[in-house]
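Enquirer:
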Amino acid sequence: MLLSPKTEQKIVQAFLYFFTSIAVLVLLFILVVILKNGLPQLSLEFLTKNPADMGREGGILSTIVATIFLTFIALLVATPLGVGTAIYLTEYTIESRLTRIIRFGAECLAGIPSIIFGLFGFILFVNKLKFGWSILSGGLTLAFMVLPTIIRTSEEAIKSVPQAYRLVSFSLGSTRWQAITRVVLPSAVPGIVTGIILSIGRSIGETAAVIFTAGSALRMPSSLFSSSRTMAVHFYILAKEGVSMPKAYGTAAVLVIAILIINIMTYYLMEKYIKRKS
Amino acid sequence: MKEIAIQVRNFSHYYGSHQSLKNLNFDVYRHEILGIIGPAKSGKSTFLACLNRLNDLLPGSRVEGQILVDGQDIYGPEVDVVALRRKIGMVFATPVPLPMSIYENVVYGVRLLGKNNRKELDQIVEDSLEKAGLWNEVKDRLQTSALKLSGGQQQRLCIARILALKPEYILLDEPTSGLDPISTMKIEDSLRMLKKDYTIILVTNNTKQAARVADRTAFFLMGELVEIDDTRVIFTRPSDKRTEGYLEGKFG
């Protein structure tokens, strides 16, 4: 049976609308559950006090600090490595078997479950390099976990910069490096930043890779070598060990809100950056 | 006798196994506008790219023979390609303003040399835009994005950007192909002014443009130089049948 184009159009539209609403509803459902259970827990005290009695009492300050440090170290290491790799792959090599192998490798790295990264970090950083369960071990492990994302998004961003910009830059007497730093990278910034944001999100929310490498100590971290517990790990332990469901939801709410704020802020800054450029 | 600026000697260019320029031999005089005409794929643009070695960037590009600019073989081993490109400016078919302000576009090449003195740069911006015939239109909005200019203004900005580097040669690759007649006229006016100080090679698909502005004209066909002579001679009594055919619109 052939449908008239109009009916067909309506049916397709209805289906697509349905699929889209499911995606949005799931997101809303998660937000509502987390915020409904978590928001009542939130208070200034919750944010500014360290956990007490295994997390049953007090706040989550030390886990917030640990999360920030870990994420910061991860990006500090992964951004130059990732953007550097992307520049090398796009600007300094012609497409060959080698670049395809490098790219394939990076993609495989992206598909490895995070708990395997945890194991790798445990063996290399915690044991072999003797960093112990520490912010440093955790941060480095996270760096390698998000590296493929940063490489991939940076590569796409750099590739999308018009070839003509490079030609113009060369024709005005620039070296390759000058063309990259003065024209290509500034134009690619929005795309690169998107990759970094995705990575921040993944770092903040990661548990498996972190629990093996940064440990789960509740003390306020005092150095790069302190064992410490991130918000996500704190949530996992509170919920799994049945320590305190209310505190677990409170932690989850802070996590979700933090990610939301980071996203909104970045989009705002990007918008401003793009406006200034054009 | 006119002074010879560029000597092309037995010059060939290949993309992989395809020969795109075939054994070219001719001279370019100082302070002339040399027009290069010919149908698509005749090697005109490739020749320009060879002159400031932008062809180096294309995979599979290879040359034979010599191009001497001011007596120096630009494919010689001791040539500083970056300095060569500063000396030989290139304007592309589509105007490509870099995504920055008008001011920064003009001083882009100058800043690459490490010059950052504000006063000096201001002067360079004014002089270059003046020479390119754009100063009066943009002097009040130098800090706005160059992407907001019209196509014709963008192309004159591209010329100004080259003039800022005080080059000796200007190569133009169909600079008015995307522009309206009035913008085209303005650019042609600028070129006539510029030839006092610069040697200009103008590749154009528009034979009338060559007739209007070029002192001499070369006709390229399938990578060969068919003939080169005074523009008036080429357009009134060309010595080769193929030139005549092209100019009469029989092909191309």
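As given, the protein sequences belong to chains A and B, one line each in that order. With positions in the first sequence counted from 1, the corresponding number in my numbering is that position plus 33. With positions in the second sequence counted from 1, the corresponding number in my numbering is that position plus 552. Don't be surprised by glycine CBs; every beta carbon is placed ideally from N, CA and C. Please read all numbers here as calculations on a predicted model, not as lab measurements.
#1: Secondary structure at MET774 of chain B, three-state DSSP: helix, strand or coil?
#2: Under 8 Å between the Cβ atoms of THR263 of chain A and LEU94 of chain A?
#3: Between the Cα of LYS793 of chain B and those of B:ARG784, B:THR783, B:VAL778, spot the shortest distance and give me the residue it belongs to.
#4: Grab me the residues of ALA281 of chain A's own chain with a C-beta within less than 6 Å of its C-beta, minus the 5 sequence neighbours each way, in chain order.
#5: For TYR301 of chain A, count neighbouring C-beta atoms within 10 Å of its own C-beta (all shown protein chains included) and say buried if the count is 16 or more, exposed if not.
#6: Under the assumption that LYS203 of chain A contacts ALA212 of chain A (Cβ atoms under 8 Å), give the Cβ distance between them as a whole number of angstroms.
#7: Is ILE753 of chain B helix, strand or coil when you go by DSSP?
#8: Step through the CB atoms of chain B and report whether any lies within less than 8 Å of the CB of MET198 of chain A.
#9: Could one say the Cβ of TYR627 of chain B lies closer than 8 Å to chain A's Cβ atoms, at least one of them?
#10: Roughly how many angstroms separate the alpha carbons of ALA601 of chain B and ARG663 of chain B, rounded to a whole number?
#11: So, is the C-beta of ASN668 of chain B closer than 8 Å to a C-beta in chain A?
#12: For chain A, is any of its Cβ atoms less than 8 Å away from the one on VAL634 of chain B?
#13: Could you list which residues in chain B have their beta carbon closer than 7 Å to that of THR208 of chain A, in chain order?
#14: Roughly how many angstroms separate the alpha carbons of SER232 of chain A and ILE183 of chain A, rounded to a whole number?
#15: Which bits of chain B does ILE127 of chain A rub up against, with CB to CB less than 8 Å?
#16: So, using beta-carbon positions, are VAL643 of chain B and ASP725 of chain B closer together than 8 Å?
#17: In terms of residues, what are the limits of the alpha helix (DSSP H) holding LEU723 of chain B?
#18: Looking only at its own chain, which residues have a Cβ that is under 7 Å from the Cβ of ILE334 of chain A, when we skip the five neighbours before and after it?
#19: Would you identify the three-state DSSP class for LYS718 of chain B, choosing helix, strand or coil?
#20: For chain B, find out if any of its Cβ atoms is closer than 8 Å to the Cβ of SER204 of chain A; answer yes or no.
#21: What does LEU664 of chain B reach in chain A if we use C-beta pairs closer than 9 Å?
#22: Please decide whether PHE256 of chain A counts as near chain B, where near means a Cβ-Cβ distance under 8 Å.
#23: Let me see if you follow: with CB-CB separation under 8 Å, is PHE644 of chain B close to chain A or not?
#24: Does any residue of chain B have a CB that is nearer than 8 Å to the CB of SER220 of chain A?
#25: Contact criterion: CB-CB distance below 8 Å. Does TYR566 of chain B meet it with respect to chain A?
#26: Please list the residues of the segment 588 to 613 of chain B that have a C-beta atom closer than 8 Å to any C-beta atom in chain A, keeping them in chain order.
Expert: Taking the definition as stated:
#1: Along the second sequence, one-based indexing puts residue 774 of chain B at 222. Of the three classes helix, strand and coil, the one that applies to MET774 of chain B here is coil, per DSSP.
#2: Here residue 263 of chain A refers to the residue found at position 230 when the first sequence is read from its first residue. Here residue 94 of chain A refers to the residue found at position 61 when the first sequence is read from its first residue. No, they are not a contact pair.
#3: Taking the second sequence and counting its residues from 1, one reaches residue 793 of chain B at position 241. Among B:ARG784, B:THR783, B:VAL778, the Cα nearest to that of LYS793 of chain B belongs to B:VAL778.
#4: As a working note, residue 281 of chain A is residue 248 in the first sequence. Taken in chain order, the residues that qualify are PHE268, LEU271, ALA272.
#5: By 1-based counting over the first sequence, the position of residue 301 of chain A is 268. Exposed, because fewer than 16 other Cβ atoms sit within 10 Å of the Cβ of TYR301 of chain A.
#6: Within the first sequence, numbered from 1, the residue matching residue 203 of chain A stands at position 170. Within the first sequence, numbered from 1, the residue matching residue 212 of chain A stands at position 179. Reading off the sequence shown, one finds Phe at residue 203 of chain A, where the question assumed Lys. Rounded, the Cβ-Cβ distance is 6 Å, consistent with contact.
#7: On the second sequence, residue 753 of chain B is found 201 positions in, with the first residue counted as 1. Strand.
#8: Residue numbering aside, residue 198 of chain A sits at position 165 when the first sequence is read from its first letter. The amino acid occupying residue 198 of chain A in the given sequence is Tyr; Met does not appear at that position. Yes - at least one Cβ of chain B is within 8 Å of the one on TYR198 of chain A.
#9: Working through the second sequence from its first residue, we reach residue 627 of chain B at position 75. No - not a single Cβ of chain A is within 8 Å of the one on TYR627 of chain B.
#10: Taking the first residue of the second sequence as 1, we reach residue 601 of chain B at position 49. Taking the first residue of the second sequence as 1, we reach residue 663 of chain B at position 111. Their Cα atoms are separated by approximately 24 Å.
#11: Locating residue 668 of chain B in the second sequence gives position 116, counting from the first residue. For ASN668 of chain B, the answer is no, since every Cβ of chain A falls outside 8 Å of its Cβ.
#12: In the second sequence, the residue the question calls residue 634 of chain B occupies position 82. Judged by the 8 Å Cβ criterion, VAL634 of chain B is in contact with chain A.
#13: As a first step, residue 208 of chain A must be located in the first sequence, where it is residue number 175. Result: VAL634.
#14: In the first sequence, residue 232 of chain A corresponds to position 199, counting from 1. In the first sequence, residue 183 of chain A corresponds to position 150, counting from 1. About 7 Å.
#15: The residue labelled residue 127 of chain A in the question sits at position 94 within the first sequence. Chain-ordered, the chain B residues with CB closer than 8 Å to the CB of ILE127 of chain A read PRO611.
#16: Taking the second sequence and counting its residues from 1, the one referred to as residue 643 of chain B is at position 91. Taking the second sequence and counting its residues from 1, the one referred to as residue 725 of chain B is at position 173. In this structure, ASP725 of chain B lies closer than 8 Å to VAL643 of chain B by Cβ.
#17: The residue you call residue 723 of chain B lines up with position 171 of the second sequence. No alpha helix (DSSP H) holds LEU723 of chain B; the beta strand (DSSP E) holding it covers 721 to 725.
#18: Residue 334 of chain A lies beyond the residue range present for chain A, which begins at 34 and ends at 311; the question has no answer from this structure.
#19: Sequence index remark: in the second sequence, residue 718 of chain B carries index 166 (1-based). Residue state, collapsed to three classes: coil.
#20: Indexing the first sequence from 1 puts residue 204 of chain A at position 171. SER204 of chain A counts as touching chain B.
#21: Position 112 of the second sequence, counted from the start, is the residue given in the question as residue 664 of chain B. SER202, LEU205, GLY206, SER207, THR208, GLN211, ARG215, listed in chain order.
#22: Numbered from 1 along the first sequence, position 223 holds the residue referred to as residue 256 of chain A. Before going on, a small fix: residue 256 of chain A reads as Ser here, not Phe. So no, SER256 of chain A is outside the interface.
#23: For the purposes of this step, residue 644 of chain B is taken as residue 92 along the second sequence, with counting starting at 1. Cβ-Cβ to chain A under 8 Å: yes for PHE644 of chain B.
#24: Residue numbering aside, residue 220 of chain A sits at position 187 when the first sequence is read from its first letter. Yes, because at least one Cβ of chain B sits closer than 8 Å to the Cβ of SER220 of chain A.
#25: Here residue 566 of chain B refers to the residue found at position 14 when the second sequence is read from its first residue. It does not: the Cβ of TYR566 of chain B has no partner Cβ on chain A nearer than 8 Å.
#26: If the cut-off is 8 Å between Cβ atoms, the segment 588 to 613 of chain B has ASN604, LEU606, LEU609, PRO611 near chain A.
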